[in-house]
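Peer 1: Quick one: structure below, then a few questions.
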Amino acid sequence: MQVDEIAIYRAYIQAKNDPSKTIIEVANELGITRSRLYETVRRIENGNVAKIRRCTEQSRLDCLWEYKYQARFEAIPKDRKGSSVVELRKLINEMANDDFSISLISQLIGKDRSTVLHHLEK
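The sequence shown begins at 1310 in the numbering used here and counts up one residue at a time.
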């Protein structure tokens, strides 16, 4: 959160408690538009929804990896036998179905992006 947003919100709170000041006067004093003032107030009071969504989604993926996929991945033999490849392919497909990005899958399993894409195609 930027410092100027805090100052905007502080001025807004003070104006709400001071009947002699209007919101338009506060916006003019701060050199911002009334819509920016209200947008800033809304973002501070409700939180930054976009950042909250990103954070929540990342937490969900972290939990899925840790409690659903990591143990399975660790148990898959690191050879190139058919059964190992089939298990790895199933794991990659399930992760993709759970909204893991290709780059995140490749990072977590330590494989190249092209390898992950190759396993998703089949």
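We put the beta carbon where it would ideally sit given N, CA and C, even for glycine.
If we count the other Cβ atoms within 10 Å of its Cβ and call it buried at 16 or more, is valine 1335 buried or exposed?
Peer 2: Result: buried.
Peer 1: Taking C-alpha atoms, which residue in Lys1377, Asn1337, Ala1380 and Tyr1318 lies nearest to isoleucine 1353?
Peer 2: Cα-wise, what sits closest to isoleucine 1353 is Tyr1318.
Peer 1: Does the segment 1373-1390 come close enough to the segment 1398-1407 that 3 or more CB-CB pairs lie under 8 Å?
Peer 2: These segments touch.
Peer 1: State the Cα-Cα distance for the pair tyrosine 1378 and threonine 1342, rounded to the nearest angstrom.
Peer 2: Taking the straight line joining both Cα atoms gives about 49 Å.
Peer 1: Counting along the chain, where does the alpha helix (DSSP H) carrying phenylalanine 1382 start and finish?
Peer 2: Unbroken alpha helix (DSSP H) run through phenylalanine 1382: 1379-1384.
Peer 1: From glutamate 1430 to serine 1423, what distance separates their C-alpha atoms?
Peer 2: Each residue's alpha carbon lies about 11 Å from the other.
Peer 1: When you compare only the Cα positions, how much space is there between glutamine 1367 and alanine 1320?
Peer 2: So the two alpha carbons sit approximately 34 Å from each other.
Peer 1: From what residue to what residue does the alpha helix (DSSP H) around tyrosine 1376 run?
Peer 2: Tyrosine 1376 -> no alpha helix (DSSP H), and no H or E assigned at all.
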